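Q: Chains as they are written, first to last, in my numbering: chain A, 1 to 291; chain B, 292 to 582; chain C, 583 to 873; chain D, 874 to 1164. The following block contains the structure, expressed as structure tokens.
Number of protein chains: 4
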Amino acid sequence: MAIESVAFIGLGAMGWHMAAHLPKAFSDVRVWNRTFSKAEQHAQLFSTTAVSLQQAVQADVIFSCLPTSQQVEDIIAQAPPKAGSIWVDCTSGEPQSAQKLAQSLKARQVAYLDAPVSGQTIGAENGTLTVMVGGDAEALAIASVAIQPFAGMIEYVGQSGAGFAVKAVNNILMAVNLWSLAEGMCNLKAQAVDLNAALKCINASSGQSGISHNIFAQRVLSQEFPLTFALNLLAKDAKIATDLASDSNTVMPVLQLTQQLLRSASNSLPQPSDFSSAVKLLEQWNQTQLN
Amino acid sequence: MAIESVAFIGLGAMGWHMAAHLPKAFSDVRVWNRTFSKAEQHAQLFSTTAVSLQQAVQADVIFSCLPTSQQVEDIIAQAPPKAGSIWVDCTSGEPQSAQKLAQSLKARQVAYLDAPVSGQTIGAENGTLTVMVGGDAEALAIASVAIQPFAGMIEYVGQSGAGFAVKAVNNILMAVNLWSLAEGMCNLKAQAVDLNAALKCINASSGQSGISHNIFAQRVLSQEFPLTFALNLLAKDAKIATDLASDSNTVMPVLQLTQQLLRSASNSLPQPSDFSSAVKLLEQWNQTQLN
Amino acid sequence: MAIESVAFIGLGAMGWHMAAHLPKAFSDVRVWNRTFSKAEQHAQLFSTTAVSLQQAVQADVIFSCLPTSQQVEDIIAQAPPKAGSIWVDCTSGEPQSAQKLAQSLKARQVAYLDAPVSGQTIGAENGTLTVMVGGDAEALAIASVAIQPFAGMIEYVGQSGAGFAVKAVNNILMAVNLWSLAEGMCNLKAQAVDLNAALKCINASSGQSGISHNIFAQRVLSQEFPLTFALNLLAKDAKIATDLASDSNTVMPVLQLTQQLLRSASNSLPQPSDFSSAVKLLEQWNQTQLN
Amino acid sequence: MAIESVAFIGLGAMGWHMAAHLPKAFSDVRVWNRTFSKAEQHAQLFSTTAVSLQQAVQADVIFSCLPTSQQVEDIIAQAPPKAGSIWVDCTSGEPQSAQKLAQSLKARQVAYLDAPVSGQTIGAENGTLTVMVGGDAEALAIASVAIQPFAGMIEYVGQSGAGFAVKAVNNILMAVNLWSLAEGMCNLKAQAVDLNAALKCINASSGQSGISHNIFAQRVLSQEFPLTFALNLLAKDAKIATDLASDSNTVMPVLQLTQQLLRSASNSLPQPSDFSSAVKLLEQWNQTQLN
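Here is the structure:
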């Protein structure tokens, strides 16, 4: 199947940049956003076409990138895609929703792929996102030409829901890496250790992580906690991971505890806060500041 | 002060390689090991000199690299170093021991530095270890010329005990990175996700860590668990970190739980086991195998 | 409304005794059980009447006491009760199921009460069970005359699902009381403390619990673990409590950890095992036996 | 040996009442307190004799009841008891301190018993305390006549330190019973369950505990948290229990987590707060109030 038209639904912090790469590969790129002026602005800047939702879902490949699975389900109920199309859902969504949508769209001869992305806005801007895909492998083989413009890596991970599951697990791992590093730093701070020097050591040792390299100095040790990824969204992702485990009776005590701590932080800190500010709860318990 | 002689006490898996770099910078390099034949073998291979313990502690700079702080304390009690020398203890030891030794050696006009290393045997062999140093900064300024031959980075982190503290925290962070990744993988396995593909995604995403890059595929997903760093030693390091926190009333619930899980694994698995085999406990609880 | 007929569905370990009290208050007592011979035996012994499921659901008040909510839903789907009747569900069930059933039965003019019981088989035999009831308060006012024959206490706790919620919370509290006492005992055992003497002290002190008084000596310190309440059912109840908390974003780290430990035990011990045998997992981690 | 004189050191909330019972059995009852006017007041009210510390430690049996083991050690160093006497330490102390004191006093032919008490001020007033005793069993046989006046139960639990160990474990069990009940109540509150009704059910069911019967309604559901036993003292007791476990490599994840939560609460709430106010932390995380 040759893809002639693509559409992108949801021009948020990520989707805005992702959609901007599509004209590199396609001449018919349709964009839609609830706040429609944003779609019009996108069209002007990136040579896409702002369309109605009904026109969007007539494309051969439709991308969605929305805050929650519920919103994707609502959109699809409101404007079902045409037979023969492929829906690529880049939301950080729920595996159960993916399974449900895959099944209901299949009845309409539409393939649904859960295809969440990782790499933050900078990766979206540079078109180097990691895309983890669950669903029908043949549909991915067709759709990947449409994903490639914004991807650094496209990885097929399993059946419907597998993509969302991997994303949720990745994010809760990020959370545990952040929280536990903060715990270790509280411990060192109580010994009057130089935290910047300690971080330098850890970054050159076996305890290093993406968080220790890219996040901890800039957001925590600086005490700046700049808002880029909201704590309540990370708490939502963590809940997706733990609910999934509950469904399968999988035991994961450290991640469960981490989810509880994230939820405590999300409940008791001001909204919105950057995900990194979860450590403020720990600072409070230890009557200290990590700087 | 010009350093004319150096000595290395403890030619184990790490010390063996570390001492082998010293002749690059010094002509008088003395080595000692409880099993003395090992010292003689080292002398033959690397142009060091196998000496008695009493001769070793007459060097200007004395390195020790032993399994526990207790053993370092016993050696020093048995063979006190000469006045004016610097003792560089590369053991993964206890901060309290460092404080005690620094104080008692100071009375003899000997400087004591806690200077544990990270980088595994390959780093020792290549002379690229990360050395995290606590104690007297002036002593480090003098001794660093003797440390450099085996170091990729020398970082001063604070007063006596700070080096050991950073090492203990690094190692418990490694443990939590390992354990939590295994938990996440159990969760994904229950969804029939392809674990190798999932790991590839995580390694290109925000949840990545040194463990996810360097350890998980080779040791866990392979189900090989090759013995290079013993689980009971990692459990000991974790206990150093949690005991330190208990002393200062520092709250760190995730690391405490991790220490408990490591101890459970260390208590119930065969000795010796590689640290990575801790995840076998989790596999048992979930009646699964991570492969 | 005067109740003229009552029915009891599910003559298991609890239901058998509960139903046996009903003839004290009613002349028309119908019993049904999947294995029908059990109903016939009950009828002979206690002057009840073994009936078909269709006859059972024609009673004015219908009791159910089954292993899971799913089974109750299946029965009701198969044999809907008559309009005007009251369904009293004594299962240790799921609050969401209670809400769903209450709503769907209301459409048929049937009131549904979730009314789980506590007190073990001995309480059922003696007719002294604690009954915690959720649902329509007016329906309870009518039905309580039918509940009283087997109850020591009938307590209205809130809307549909509230009864199941209280039961699930009670059971996970029992679990944490058991597990934490076992942990404390492992700690004391390592100090060579006399565990029976220690238990005597605790039972006369502030750390006492129903578990410490009634369960620990007989089941754990005796190392007998007699099967009366299956571990996998307790793990199910714990999961009801933690899933409920997840739905409402309630943070409860200690109960979450307890649920994880129960699940670990339930997954890795032989089936069926008494709930008290969960502590065998802890004994294994500590390489000890609590006796 | 006939006991002719007894002394009581430390007339705090507990000691004040305990010492008041001694004249029932002895004519020579000496009391000492750092704030000496308190001893004089005691003498007037209860027919005891206010004496100097040096006179106190000349008694045949000396009781101490102080906030920490450190203070007992300081007193004994300052005023060593006479040969042949028995020191009965009712402090909630550290097992290691008991072992050290028992050994050092034995060299002076003094027997040391660790004999902490449970039962709160009301039990002290009524002379019905539970006394858990570690140390030399023969010394206890002699001293018990002096303990009996304030005891409801005297229980020998093992060698030196065993009494303190049992007390610490009892108190951390009380803490976990309190905290987990509060968690369960947060869960029920989110379902709009009537918490007083729920507590009534739990108190008639398998999840009941001393805390659920005697503490929760009066202190937590009332939102009064009256100060009778300070949170930081309970946190200290919990630390004694977890440090003891760390020394023996005993794994007890639920109690460790509980200790962490208590410490978080103790660090972040105003001083002094009643131990029951620890649940305020949980209320904050859940943005709720348990009433």
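For glycine and all other residues, C-beta sits at the position ideal for the given N, C-alpha and C. None of these values were measured; they are calculated from a predicted model.
#1: Do you know offhand how far C:S686's Cα is from C:A747's?
#2: So which residues on chain B does D:K1112 lean against when the C-beta distance must stay under 7 Å?
#3: By how many angstroms is the C-alpha of A:T258 removed from the C-alpha of B:L441?
#4: So A:M174 is in the alpha helix (DSSP H); what residue range does that whole segment cover?
#5: With DSSP run on the structure shown, which of helix, strand or coil describes D:M891?
#6: Mind checking whether D:A1074 and C:N752 have CB atoms under 9 Å apart?
#7: If you follow the alpha helix (DSSP H) that B:F327 is part of, which residue opens it and which one closes it?
#8: Is there a C-beta anywhere in chain D that falls below 9 Å from the one on C:S794?
#9: Between the Cα of C:S587 and the Cα atoms of C:Q623, C:T630, C:A723, C:G597, which residue gives the shortest distance?
#10: Any residues in the region 750-769 of chain C with a beta carbon nearer than 9 Å to a beta carbon of chain D? Which ones, in chain order?
#11: Check the Cβ of A:R219 against every Cβ in chain C and list those closer than 7 Å, keeping chain order.
#12: Does B:W576 have its Cβ less than 9 Å from a Cβ in chain F?
#13: With DSSP run on the structure shown, which of helix, strand or coil describes D:V904?
#14: Check each residue of the region 995-1023 of chain D: if its Cβ is closer than 7 Å to any Cβ of chain C, include it; give the result in chain order.
#15: Return the residue from the list C:M714, C:S619, C:L864, C:R612 that minimises the CA-CA distance to C:V633.
#16: Is the CB of B:E446 under 9 Å away from at least one CB in chain A?
#17: Can you list the residues of chain B that C:S850 reaches, using a CB-CB cut of under 8 Å?
#18: Using the beta-carbon of each residue, which ones in chain D are nearer than 7 Å to A:S264?
#19: Measure from the alpha carbon of C:R616 to the alpha carbon of each residue in C:Q869, C:P605, C:W598, then state which is nearest.
#20: Can you list, in chain order, the residues of its chain with a C-beta nearer than 6 Å to that of D:A880? Leave out the 5 residues immediately preceding and following it.
#21: Check whether chain D comes within 9 Å of B:T533, counting only Cβ atoms and requiring the distance to be less than that.
#22: Using the rule of at least 16 other Cβ atoms within 10 Å of the residue's Cβ for burial, across every protein chain shown, is D:L1104 buried or exposed?
#23: Would you say C:N831 faces chain D, with C-beta separation under 9 Å as the test?
#24: List, in order along the chain, the chain B residues whose C-beta lies closer than 8 Å to that of A:I295?
#25: Can you list the residues of chain B that D:Q1184 reaches, using a CB-CB cut of under 8 Å?
#26: Which residue from C:E622, C:P663, C:A661, C:M714 puts its Cα closest to that of C:M735?
#27: Listed in chain order, which residues of the region 61-79 of chain A have Cβ atoms closer than 9 Å to some Cβ of chain B?
#28: With 16 as the cutoff for other CB atoms within 10 Å, does D:N1087 come out buried or exposed?
#29: If you check the beta carbons only, do A:V254 and B:V467 fall under 9 Å apart?
#30: Mind checking if B:M305 is an interface residue toward chain D, Cβ cutoff 9 Å exclusive?
#31: Mapping the DSSP letters down to three states, classify D:A875 as helix, strand or coil.
#32: Could you give the distance in angstroms between the alpha-carbon of A:S277 and the alpha-carbon of C:G745?
#33: Just checking: is the beta-carbon of C:P839 within a distance shorter than 9 Å of some beta-carbon in chain A?
#34: With a CB to CB cut of under 6 Å and the five nearest residues on each side skipped, what residues in its chain are close to D:A1016?
#35: According to the Cβ coordinates, are B:V408 and B:S388 closer than 9 Å?
A: Straight from the coordinates:
#1: 20 Å
#2: S537
#3: The question names Leu, yet the displayed sequence has Phe at residue 441 of chain B. Distance between the alpha carbons of B:F441 and A:T258: 38 Å.
#4: Start and end: 162-189.
#5: helix
#6: For clarity, residue 1074 of chain D is Cys in the given sequence; the question names Ala instead. A contact, by the Cβ cut-off of 9 Å.
#7: 327-337
#8: yes
#9: C:T630
#10: A750, V751, N752, N753, I754, L755, M756, A757, V758, N759, W761, S762, L763, A764, E765, G766, M767, C768, N769
#11: Correct list: empty, because the minimum Cβ distance to chain C is about 23 Å.
#12: Here chain F cannot be found, since the structure's protein chains are A, B, C and D.
#13: strand
#14: T1003, M1005
#15: C:R612
#16: Answer yes: the Cβ-Cβ gap between B:E446 and chain A drops below 9 Å somewhere.
#17: Those are Q575, W576, Q578, listed as they occur along chain B.
#18: W1158
#19: Checked all of C:Q869, C:P605, C:W598; the closest Cα to C:R616 is C:W598.
#20: R903, A929, A932, I935
#21: yes
#22: With 16 or more neighbouring CB atoms inside 10 Å of its own CB, D:L1104 falls in the buried class.
#23: yes
#24: No answer is possible for residue 295 of chain A: it lies beyond the span of chain A, which begins at 1 and ends at 291.
#25: Outside the displayed span of chain D (874 to 1164) sits residue 1184 of chain D, for which this structure offers no information.
#26: C:M714
#27: Closer than 9 Å at the C-beta level to chain B, one finds no residue of the region 61-79 of chain A.
#28: exposed
#29: Contact flag set, yes.
#30: By this cut-off, B:M305 is not an interface position.
#31: coil
#32: 38 Å
#33: It is Leu, not Pro, that sits at residue 839 of chain C in the sequence shown. Judged by the 9 Å Cβ criterion, C:L839 is in contact with chain A.
#34: V934, I959, V961
#35: no
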